[in-house]
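A.B. asks:
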Amino acid sequence: MKWEPVIGIEVHVELDTASKMFCGCRVSFGDPPNTNVCPVCLALPGSLPVPNREAIERIIRLGLALNCGINPGSVFHRKNYYYADLPKNYQISQFDIPVCVDGWLDVESDRKAFRVGIERVHMEEDTGKSVHVGEGGRIHTAAETLVDFNRAGTPLVEIVSRPDLTSAADARVYAQQLRAVVAETGVSDARMERGSLRFDANVSIRPEGSETLGVKVEVKNMNSFRSLEKAISAEIERQTARRLAGERVVMETRHWDETGGITRGMRTKEGSSDYRYFTEPDLAPMIFDDSWVEAARSTLPELPGPRRERYQRMGLSPASARVLASSDPDLRRLFQDAVAAGAAPVQAAHWITGEITASLRRREASPKDVPLRGRHLAQLTQMVGEERISAGAAREVLEGVITGEGSPSQVARARNLEQISDRVALEGAVEEVLDAHPQAVERYRSGEKKVRGFLVGQVMKVTSGRADPRAVNQILTARLEG
Amino acid sequence: MPIDVDVAHVAGLARLALSPRQLDRYRQELSAILEHASRVQKVDTAGVTPLSHPLMLSNVFRPDEVRPSLDREEVLEMAPESRDGFFLTSPALE
Amino acid sequence: MPSPLLSVVAAGAALRAGETTSVELLASVLSRAEMTESELHCYLNLDREGAMEAARRADEQMARGEERGPLHGIPVAVKDNMCTRGLETTCSSQILAGYHPPYDATAVTRLRQAGAVIVGKTNLDEFAMGSSTENSAYGPTRNPWDTERVPGGSSGGSAAAVATGSAMAALGSDTGGSIRQPAALCGVVGMKPTYGLVSRYGLVAFASSLDQIGPLTRTVADGALVLQAVAGHDPADATSYAGPVPDFSAGLQRGVDGLRVGVVKELDGDGYQAEVSSATDDMLGRLASSGAEVEEVSLPLFDVALSAYYLIAPAECSANLARFDGMRYGLSIKKATAAATMAATRVEGFGPEVIRRILLGTYALSAGYFDAFYGQAQKVRSLLQEEFRNAYQQVDVLVSPTSPTTAFRLGERTQDPLSMYRSDICTIPSNLSGHPAISVPIGLDSKGLPIGFQVMAPALGERVMLTVAAEVERIAGFCALPPPALAPPTEVPL
Ligand SMILES: [Mg+2]
Ligand SMILES: [Zn+2]
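Protein chains in written order, with numbering that gives the first Met the number 0: chain Y, 0 to 481; chain Z, 0 to 93; chain G, 0 to 493.
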């Protein structure tokens with residue numbers, strides 16, 4: 000029997016609002032420990048939460064970007080569990096009436112395009128951060144734990160996908176493209192290295208073709224797209240091996256061990272599955288009328304999916320559209336400016352996703368660090384189209400523009416890169432070459448036609464590559480055959 | 000009808016390290032109280048929306064404005080133990 | 000020296016007339032405390048120095064003509080489940096022994112802004128869970144009318160302090176009757192305002208959807224003044240009422256002529272002390288003579304209100320008290336792991352009633368039992384609120400005894416939680432509905448113990464409630480009686 004994986008992804012996104020979800024403490028990464036804390040986020044006796052309106056506006060925006068419906072009414076619940084970095088020992092979260100429900104994300108990779116259902120997007124708050132120290136720093140051998148509550152109460156959005164993913168690679172692409180949406184909507188800095196986005200995977204396997212879902216295992220602790228993919232692969236392998244050996248898969252939460260390359264079972268928390276959700280009595284229900292939702296919709300930027308489609312309508316290939324659609328906003332602005340200045344979209348995209356991206360990467364520069372503008376790119380593609388410069392020369396011209404030597408035509412002139420299409424000058428060069436290589440001329444005339452290529456090459460050489468190859472061919476043909 | 004409560008399980012959920020003697024006492028007391036409380040089950044509540052808030056409030060928010068946090072010295076003075084600006088606890092194993 | 004038994008209204012008048020000073024008023028209640036505390040134990044913490052400083056400041060302000068209102072210079076006590084910056088706040092629990100909050104509760108801030116002098120923190124049942132103040136980790140408070148008896152609870156310290164004159168007014172909190180029932184048992188006026196009228200910010204939460212801060216005073220008029228000072232919208236409490244606050248003192252003289260008064264049929268009969276029932280009936284007759292239309296009203300769900308309450312309140316408390324875990328503040332019993340530290344700290348730090356309710360609430364919320372217990376109780380609550388609404392279509396206020404009995408003996412109900420819980424049978428419905436209710440003393444039983452009369456009103460119906468309460472007070476003529484169990488206050492030099 001063959002086994003197929005079924006994967007769902009839960010993503011936690013920290014919003015970068017100015018203040019926390021339920022108190023006025025600053026949301027800030029990297030501040031000295033316990034400097035952004037107050038009675039509310041430390042859960043001092045008597046303190047009460049008041050929700051941050053901006054966080055709610057942002058979750059609505061994100062939900063709309065993920066094609067979700069916004070519930071007309073939504074409530075907060077308390078999710079009860081004890082942990083040292085959870086100050087109240089309950090998390091204010093949402094249970095049966097989240098802010099956003101039933102959306103989707105259209106994902107496209109170089110291999111395929113697919114749609115991933117979004118079950119829900121809900122609002123909650125982050126925990127503090129624990130540092131486990133002593134005896135190797137590993138969680139199972141820690142001698143003590145240091146806790147910093149600066150992060151506690153940071154607005155956190157949880158995005159729960161439907162179990163629509165069927166491979167670790169697909170899960171990775173989904174996660175990456177979801178991150179792009181989060182970044183585009185501006186609700187979060189979306190910085191992986193800061194933990195602004197965190198991924199958990201629900202993995203199960205079932206006999207190929209089966210409709211029922213297998214026993215689900217939750218895998219946690221992946222901090223990059225790569226480790227997400229590796230962890231899911233490892234978990235699929237582990238479950239498949241168990242099933243093939245006739246063993247059961249048990250429902251549990253497992254930790255990804257990056258160095259070991261395996262998932263590890265966690266010590267079962269007593270009763271961890273019984274969160275005793277109930278309506279948060281300290282918070283009033285939220286009611287989202289149409290005007291609120293429409294106002295949020297009007298603030299939505301263009302998202303990668305629709306943008307990809309727009310680029311394709313402009314004539315870009317799917318691959319090129321995909322790369323450009325998810326590239327740096329400044330590069331996309333360069334593209335739009337170049338097209339507006341008259342560049343053919345396909346050519347502009349070709350240069351931007353190819354040579355320009357590579358050049359910037361070599362310099363470790365971002366587009367706005369260099370003087371390259373849309374009109375420059377338009378001129379460059381025009382010069383190539385009109386054969387005023389060769390493809391090779393164009394790369395050099397581009398470098399000149401990027402380093403600030405001026406417009407493409409100024410660079411081409413200054414660096415002497417414009418093509419020689421002047422008949423007289425080219426005829427002179429051809430004569431020079433024919434004189435220098437009498438044996439080659441002889442061989443050509445006796446029928447060895449491929450020698451022509453050699454002769455063309457020699458002409459290009461004496462003109463430092465600036466000769467227009469088509470004109471050279473014409474002149475050579477006339478001289479050799481005539 | 001007496002209600003039998005798995006007090007050890009409930010105490011685990013509530014993070015209470017009760018002794019066997021305490022467990023036994025609370026089992027009996029809870030049973031009696033719950034028997035009384037279960038009278039709510041006799042009320043016909045079909046189609047009734049549960050009431051979680053006595054006031055009909057909605058959409059109570061605060062603006063996204065930073066307010067002063069507490070002074071860290073004052074915060075850590077309350078802590079059972081602290082080190083280098085952190086709260087210090089026994090290992091928080093999962 | 001002025002009498003410590005002055006009403007807030009009278010003391011304020013004397014202050015403004017220059018006949019006394021805030022320092023003198025404070026000295027008077029402090030000397031009363033000196034005399035009574037060893038026996039009554041109303042206070043967990045008398046802040047003599049802080050209070051004296053505040054009284055001096057109040058006098059200076061008064062001398063400069065900066066009068067802050069009717070509470071200016073008045074010595075007021077605060078129940079010890081409200082945070083006071085820098086002043087120990089324990090909720091009568093070991094788990095908060097030595098805890099000094101870094102902030103003031105909003106109600107406390109407003110008292111200070113009104114110029115009130117905070118005398119100290121009063122005793123209560125641990126985390127306000129109880130009806131006798133016997134569940135205090137620091138020992139019980141005794142009833143000034145008979146020190147072998149309880150003052151009621153959980154605001155027993157506040158009630159006894161006002162009754163005996165060791166404060167001129169006090170703040171309490173009422174989750175199931177914790178202001179009204181001790182007020183009744185101690186012979187003072189106790190008011191639970193509409194849910195949301197007074198900010199809960201800084202009130203250590205017991206059951207968030209039921210808790211409400213309110214005044215304990217010697218007169219109805221005093222209650223209106225204290226409520227006026229602390230009521231009103233607070234952006235720090237998302238359940239705080241944002242509408243306008245009326246003048247609670249207006250209309251106290253209006254009388255009950257033409258008002259419809261509904262007597263709750265279910266709050267009488269079995270379990271009600273005969274003298275309580277007859278005193279209530281007597282008052283009803285006299286209200287009718289004053290022009291009220293008195294009629295009987297039936298609210299059948301009152302019979303299950305107690306059951307619903309003992310699911311909802313413990314459920315909310317099980318989450319609210321989860322934060323007391325020995326990690327960030329308060330008691331901490333260090334064990335090998337954080338989880339073990341929490342479990343040991345909580346068992347050591349919480350008393351039996353608190354543990355009982357946490358267990359009860361955890362169970363009522365747990366998987367498999369939620370729908371039958373907590374979920375069902377919330378639905379009953381919804382129906383009860385509807386029943387109240389229907390009743391208030393017929394009548395302006397509902398009335399009943401505040402407590403089925405007068406003060407009971409210490410230890411009498413501690414062995415049987417259910418018998419203790421029944422002490423709140425008359426007060427709980429208004430907490431479940433969020434409506435205001437007040438207890439007014441109307442007389443003494445044959446043992447010389449005070450009897451309380453409860454007036455309930457619809458949401459934000461404080462004005463009509465206070466109108467009826469003032470008439471009840473006038474008819475009963477009770478408020479001036481000093482508690483006889485202790486020697487009357489004597490003049491003590493400053
Ligand atoms: Mg979550
Ligand atoms: Zn905070």
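For glycine and all other residues, C-beta sits at the position ideal for the given N, C-alpha and C.
Around the Cβ of residue 414/G, are there at least 16 other Cβ atoms within 10 angstroms (buried) or fewer (exposed)?
C.D. replies: exposed
A.B. asks: What does residue 9/Z reach in chain G if we use C-beta pairs closer than 8 Å?
C.D. replies: Residues of chain G passing the Cβ test: 358, 361, 362, 365.
A.B. asks: Given 7 Å as the limit, tell me if residue 19/Y has its C-beta closer than that to any heavy atom belonging to ligand 2.
C.D. replies: yes
A.B. asks: Could you check the C-alpha separation between residue 458/Y and residue 321/Y for me, to the nearest Å?
C.D. replies: 41 Å
A.B. asks: Specify which residues have a beta carbon nearer than 5 Å to any heavy atom of ligand 2, listing them in chain order.
C.D. replies: 22/Y, 24/Y, 37/Y, 39/Y, 40/Y
A.B. asks: Can you confirm whether residue 303/Y, when its beta carbon is compared against all beta carbons of chain Z, has any partner nearer than 8 Å?
C.D. replies: no
A.B. asks: Would you verify that the beta carbon of residue 282/G is, or is not, closer than 8 Å to some beta carbon of chain Y?
C.D. replies: no
A.B. asks: Is there a Cβ from chain Z that is less than 8 Å from the Cβ of residue 188/Y?
C.D. replies: no
A.B. asks: DSSP on residue 91/G, reduced to helix/strand/coil?
C.D. replies: coil
A.B. asks: Tell me, which residues are paired with residue 89/Y by DSSP?
C.D. replies: 79/Y
A.B. asks: Along the chain, which unbroken stretches of the alpha helix (DSSP H) at least 4 residues long are found entirely within the region 363-417 of chain Y?
C.D. replies: 373-384, 390-401, 407-413
A.B. asks: Can you say whether residue 438/Y is buried or exposed, counting buried as having 16 or more other CB atoms within 10 angstroms of its CB?
C.D. replies: When all chains shown are included, residue 438/Y counts as exposed.
A.B. asks: Let me confirm a value: residue 462/Y is counted as buried when at least 16 other C-beta atoms fall within 10 Å, else exposed. Which label applies?
C.D. replies: buried
A.B. asks: With 8 Å as the limit, tell me which residues of the region 310-321 of chain G have their beta carbon closer than that to any beta carbon of chain Z; keep them in chain order.
C.D. replies: 310, 317, 321
A.B. asks: For a cutoff of 8 Å on Cβ pairs, would you count residue 342/G as touching chain Z?
C.D. replies: At least one CB atom of chain Z sits nearer than 8 Å to the CB of residue 342/G.
A.B. asks: For the region 129-188 of chain G, list the beta strand (DSSP E) runs that are entirely contained and at least 3 residues long, ordered along the chain.
C.D. replies: 168-173
A.B. asks: For residue 456/G, which residues in chain Z fall below 7 Å Cβ to Cβ?
C.D. replies: Under the 7 Å cutoff, chain Z gives no residues; its nearest Cβ is about 14 Å from residue 456/G.
A.B. asks: Using a Cβ cut-off of 9 Å, pull out every chain Y residue sitting near residue 238/G, in sequence order please.
C.D. replies: 47, 280, 281, 282, 283
A.B. asks: Under 8 Å between C-beta atoms, does residue 194/G make it to chain Z?
C.D. replies: yes
A.B. asks: In chain order, what are the residue ranges of uninterrupted beta strand (DSSP E) at least 3 long that sit wholly in the region 405-463 of chain G?
C.D. replies: 436-443, 449-455
A.B. asks: Starting from residue 206/Y, follow the beta strand (DSSP E) in both directions and report where the run begins and ends.
C.D. replies: 196-206
A.B. asks: Under 8 Å, CB to CB, which of the residues in the region 385-401 of chain G have a partner in chain Z?
C.D. replies: Listed by position, the residues of the region 385-401 of chain G near chain Z (Cβ gap below 8 Å) amount to none.
A.B. asks: Within a Cβ cutoff of 6 Å, which residues of the same chain sit near residue 19/Z, ignoring the five residues on either side of it in sequence?
C.D. replies: none
A.B. asks: Would you say residue 51/Y reaches chain G, if we count a Cβ-Cβ gap shorter than 8 Å as a contact?
C.D. replies: no
A.B. asks: Taking 6 Å as the limit between beta carbons, can you name the residues of its chain near residue 469/Y, skipping five residues before and five after?
C.D. replies: none
A.B. asks: Between which two residues does the beta strand (DSSP E) holding residue 3/Y run?
C.D. replies: 2-13
A.B. asks: Assign residue 61/G to buried or exposed, taking buried as 16 or more other Cβ atoms, counted over all protein chains shown, within 10 Å of its Cβ.
C.D. replies: buried
A.B. asks: Within the region 15-64 of chain Y, note down every full alpha helix (DSSP H) run reaching 4 residues or more, in order along the chain.
C.D. replies: 52-64
A.B. asks: Taking its Cβ as the centre, do 16 or more other Cβ atoms sit within 10 Å of residue 219/G, making it buried, or is it exposed?
C.D. replies: Around the Cβ of residue 219/G, a 10 Å sphere holds 16 or more other Cβ atoms; the residue is buried.
A.B. asks: So, is the C-beta of residue 52/Z closer than 8 Å to a C-beta in chain Y?
C.D. replies: yes
A.B. asks: Compute the minimum distance between the beta carbon of residue 434/G and the heavy atoms of ligand 1, and state whether it is under 7 Å.
C.D. replies: no
A.B. asks: Who pairs with residue 219/Y in a beta bridge, going by DSSP?
C.D. replies: 254/Y
A.B. asks: Give every residue of the same chain whose Cβ lies closer than 7 Å to the Cβ of residue 270/Y, excluding the five residues on either side of it in the sequence, and list them in chain order.
C.D. replies: Summary for residue 270/Y: the model assigns pLDDT 43, below 50, so the residue's position carries little reliability, and this model does not support an answer.
A.B. asks: Mapping DSSP to helix, strand and coil, what is residue 560/G?
C.D. replies: Look at the range of chain G in this structure, 0 to 493, and you will see that residue 560/G is not part of it.
A.B. asks: Please confirm whether residue 82/Y has its beta-carbon closer than 8 Å to some beta-carbon of chain Z.
C.D. replies: The beta-carbon of residue 82/Y is placed less than 8 Å from the nearest beta-carbon of chain Z.
A.B. asks: Once DSSP output is grouped into helix, strand and coil, what is the label at residue 369/G?
C.D. replies: coil
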